[in-house]
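Residues 3 to 470, numbered by the numbering used here, are exactly what the first sequence covers, in order. Where a beta carbon is used, it is the ideal one built from N, C-alpha and C, also for glycine.
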Amino acid sequence: MLRLHDTATGSVRPLELREPGQVSLYVCGPTVYGPPHIGHGRFTLVFDILRRYLAFSGLRVRHVSNVTDVDDKIIERAAREGRTEAEVAAECEAEWWAAMDALGALRPDDAPHATAYVPGMVALIADLVARGAAYETDDGVYMRVDAVPDYGLLAQQPLSSLRAGARVEATEGKRSPLDFALWKKAKPGEPQWRSPWGPGRPGWHTECVVMSLDLLGEGFDLHGGGQDLMFPHHENERAQAVAEGKDFAHYWVHNGMVTVGGEKMSKSLRNFSTIAELLASHDSRAYRLLVLRAHYRRPVEVTQETIADAERGLARLDGLARRLSLPDPLAAAPGGALVRAQAVAAAPSGVEEDAVDRFCEHMDDDLDTPGAMAGVFDLVSRAHAAADEGDEKTASRLGTTVAVLAGAVGLALRKGVAEVDEGTRRLVDERDAARRARDFARADAIRDELVAAGWVVEDGAGGTVVHR
RNA sequence: GGCGGCGUGGCCGAGUGGUUUAGGCAGGGGCCUGCAAAGCCCCGUACGGCGGUUCGAUUCCGCCCGCCGCCUCCA
């Protein structure tokens, strides 16, 4: 049974589902106004890993993640570039999915757009006004934060303390600095929808309430996002639901930030901050492994060094797959996610069930992926050792277990021997011939040539193997 | 100022009231190899500081120091 940290209670507790066997997961998605950065990549990977592990455990998962396509930043960029908001949003959204696909993240089952939910948001806001939990001002409609008795639950501090720390003054008409905009009245040229308060657009915090309840229903299981969304975004979502008397998310899951040089990554930093930049020079699986090697609630340091370290780990995994010609369970998995029972049944060599159990014990403990992966790397050593001793059966079983467990968290192993071109093939054959003839000068010259062309040259019992 | 989190061997990163104290990377030694590469074997007694509880604390409590995050848009 999975135990997860829940921000609302500040504790790790067993995951009790609304419906047995079925998990409903809502993850706050991107505001589409710019290229996705590695912080977006991390939260996507964290929740992809969570989702895959839930599926691996035999649960059915319904994963919803929104796209915020109306927002101040989109409006600003559209104005700056002389384009429409819809153009900017569409372009950035395409970029978003391309990056997430490249990271190997499964697409959500639903990806609702804020602009498609405006009437529902207007209805919610009108109801909040009718209940006295929201009020109209000159520039919009605001939520009364003190209408929610336990406001501050996710921020883990009481309203009075939040109010004391507020860094923003109350604007004209706002009754408390913490009151937040549900509806923004349109300024000339801005995108707008009709409402009882005149033309305007919804505030950011309302869409997730309406969309999550519409698609997943009351009392859905998990609501996730980055730790920087805990307050005020998630707090404010919850405030609206509570004021409406709705049963909202049962667990709040928040991932830690990406840091560079010990500080939260920001767009002003140079270090390959976008996913496209990262993937231009690194295997996307290395980033997944890097994310896996940190606990999801802790910060993860992303630098050339930590990425390179992850790449070396990946090479170790791939090296085993190459040596043992391991199957790729992910390629065969329906829907792209592995299910334990199926993966085990599909393995001709069998799997080391004890190792799978240990892996699951770590994962069940609030997604202890570093601990789980340590076990996987231990299996790699054991598989090699068995192969060294000529115990092919054991090597194969252990290796298959590695492939299954890596696959469980979305990591596909690559054998990397597939596309060796004709010319390279000929050089390799020539080198084998030279070695047989003990013409080592010739053999070494060919090896230098191959290495210069970017190949890794390994002489095995069956002759030379090259890979990249 | 308020709230939250963190500080483990060169680096990343689990874990535990005491005995044999994960795993990876890097490093050293050995085996294998024509030489390499890959792989295997061996090697590191670490837990921010000061007190306290205890027969015994890295692990529990308190204080202190340091770092980070949130309190504004942010994954």
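Asked: Nearest to H284 (by Cα), restricted to the options E460, A333, Q306; Found: Q306
Asked: 3 or more residues per run - each beta strand (DSSP E) lying fully within the region 49–110; Found: 62–67
Asked: R433 classed as buried or exposed, judged by whether at least 16 other C-beta atoms fall within 10 angstroms; Found: buried
Asked: Whole-angstrom distance between P37 and L105, CA atom to CA atom; Found: 14 Å
Asked: Distance between beta carbons of Y35 and K75, contact taken as under 8 Å; Found: 4 Å
Asked: T86 burial status per 10 Å Cβ neighbour count (16 or more: buried); Found: exposed
Asked: Continuous alpha helix (DSSP H) assignments of at least 4 residues falling wholly in the region 200–236; Found: 206–218
Asked: D223, buried or exposed, once every other Cβ within 10 Å from all chains shown has been counted against 16; Found: buried
Asked: L316 Cβ short of 8 Å to the ligand FAD heavy atom set; Found: Of the ligands one can find in the structure shown there are none, so the ligand FAD has no counterpart to examine.
Asked: Backbone CA spacing between P193 and D140 [nearest angstrom]; Found: 18 Å
Asked: Three-way DSSP call (helix, strand, coil) for R471 in this model; Found: Missing from the structure shown is residue 471; the chain here goes from 3 to 470 and no further.
Asked: Residues of its chain near L218, where Cβ-Cβ distance is below 7 Å and the 5 sequence neighbours each way are ignored; Found: S26, Y28, R64, V66
Asked: Close Cβ partners of D408 (< 8 Å) along its chain, the five nearest in sequence each way excluded; Found: The sequence as given places Ala at residue 408; Asp does not occur at that position. Correct list, in chain order: L319, V378, A414, L415.
Asked: Whether L108 touches D50 by CB criterion (9 Å); Found: yes
Asked: Backbone CA spacing between A136 and D148 [nearest angstrom]; Found: 10 Å
Asked: Cβ contact check for the region 399–408 and the region 351–367: 3 or more pairs under 8 Å; Found: yes
Asked: contact_flag[the region 241–259, the region 378–389] where n(CB pairs < 8 Å) is 3 or more; Found: no
Asked: Inter-residue spacing [alpha-carbon to alpha-carbon] between E391 and A312; Found: 28 Å
Asked: Cβ-based burial, K187 [other Cβ within 10 Å; buried from 16]; Found: buried
Asked: Touch test, the region 40–50 against the region 289–298, Cβ-Cβ under 8 Å, three pairs minimum; Found: yes
Asked: G12 (DSSP reduced to helix, strand or coil); Found: coil
Asked: Selection from C94, P301, P179, A347 that minimises the alpha carbon distance to T276; Found: C94
Asked: DSSP state of A463 mapped onto helix, strand, coil; Found: coil
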